[in-house]
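S.K.: What follows is a structure written as structure tokens; I'll ask about it next.
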Amino acid sequence: MLMKNALEVFQDLTIESSIKINSLRDKLTAQAHGEWGHDIERENEISDAALVDEDVIVFNRAAFDDIDESCLILWQYGNQYKVTNIVPRNSGELGIRKYNIILNDFFNEIVIPMHKEGFLNFNISAQLKTIDSWLDESAADALMKFSRLANKSTKASHPLDQKRWLDFLIKAHRSAIKPDASELMRWLCEICEWPDETASDLAIEYEFSLSLLNEYDKR
Numbered sequence: 000m001l002m003k004n005a006l007e008v009f010q011d012l013t014i015e016s017s018i019k020i021n022s023l024r025d026k027l028t029a030q031a032h033g034e035w036g037h038d039i040e041r042e043n044e045i046s047d048a049a050l051v052d053e054d055v056i057v058f059n060r061a062a063f064d065d066i067d068e069s070c071l072i073l074w075q076y077g078n079q080y081k082v083t084n085i086v087p088r089n090s091g092e093l094g095i096r097k098y099n100i101i102l103n104d105f106f107n108e109i110v111i112p113m114h115k116e117g118f119l120n121f122n123i124s125a126q127l128k129t130i131d132s133w134l135d136e137s138a139a140d141a142l143m144k145f146s147r148l149a150n151k152s153t154k155a156s157h158p159l160d161q162k163r164w165l166d167f168l169i170k171a172h173r174s175a176i177k178p179d180a181s182e183l184m185r186w187l188c189e190i191c192e193w194p195d196e197t198a199s200d201l202a203i204e205y206e207f208s209l210s211l212l213n214e215y216d217k218r
């Protein structure tokens, strides 16, 4: 069950090894079995259309449960491979939940067995993000204070709401980490229960304000 104070986000997976990248590729593709296959045809299509020389590996995951047959794409970055996308074979998009289910299935079926054999190391990001994953303590407190006390139907039009909103913007600007506009909007909607339209307006204002403050710092 997902925590009510956390958002489900797309997970990242990076794979690296001390062996040569070509050998790592061979071991990864050789590991494909059962519901996972090495999709050479799709791989060649992507490679031919690419603007970079880095390697790409494409795996195919057979359909299961309510999830369509999908392609998982690994791109080479130096001595690493990173999952850059997972897309359904037929149409539409997976969404966060299904994307992460496929990623974790790949992780468990392909990556973990190789890790146990000592072939590679990995870094997989968390499925959930809390507010302190995006903002330092001061900025996070300012956002939650604004959201808790504001009139959600009028955005930040009341003078006290406006003051608390501006306080958050300044502290977010100073924060070493910060969400992008879409992440802030999701947080306001899904965690703080703001109306979609109002949250969208605040996210747009947030993005513009941080850009303005960044430009001001350069002057």
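Take the sequence shown: its letter number 139 is residue 138 in numbering that gives the first Met the number 0, and every next letter is one higher. Just so it is clear, CB atoms sit at the ideal spot from N, CA and C, and this is done for glycine as well.
Using the Cβ count rule (16 or more neighbours within 10 Å means buried), how would you classify Thr153?
M.R.: exposed
S.K.: Quick one: measure Cβ to Cβ for Ala171 and Leu134, integer angstroms, because I've assumed they're closer than 8 Å.
M.R.: 6 Å
S.K.: Which term fits Pro178, buried or exposed, when burial requires 16 or more other beta carbons within 10 angstroms of its beta carbon?
M.R.: buried
S.K.: Quick one: complete beta strand (DSSP E) runs, 3+ long, within the region 116-141?
M.R.: The DSSP assignment places 120-123 and 127-129 as complete runs of the beta strand (DSSP E) inside the region 116-141, in order along the chain (cut-off: 3 residues).
S.K.: One question on the structure: do Val82 and Leu12 come within less than 9 Å of each other, judged by their Cβ atoms?
M.R.: Result yes, Cβ atoms of Val82 and Leu12 sit closer than 9 Å.
S.K.: Under 8 Å by Cβ, that's how I've got Val55 and Glu42 pegged, so tell me the actual separation to the nearest angstrom.
M.R.: 6 Å
S.K.: On a Cα-Cα basis, can you pick out the residue from Glu44, Ala62, Asn21 and Ile66 that is closest to Gly77?
M.R.: Asn21
S.K.: In three-state terms, what does DSSP make of His37?
M.R.: strand
S.K.: First and last residue of the alpha helix (DSSP H) that includes Gln79?
M.R.: Gln79 -> not in any alpha helix (DSSP H); beta strand (DSSP E) instead, spanning Gln79 to Pro87.
S.K.: Does DSSP put Asn59 in a helix, in a strand, or in coil?
M.R.: strand
S.K.: Going by C-alpha to C-alpha distance, which of Phe106, Glu108, Arg173 and Ser124 sits closest to Glu136?
M.R.: Arg173
S.K.: Taking buried to mean at least 16 other C-beta atoms within 10 Å of its own C-beta, is Ile101 buried or exposed?
M.R.: buried
S.K.: By a C-beta neighbour count over all protein chains shown, 10 Å radius and 16 as the cutoff for buried, is Ile72 buried or exposed?
M.R.: The residue in question, Ile72, is buried, as its Cβ has 16 or more Cβ neighbours within 10 Å.
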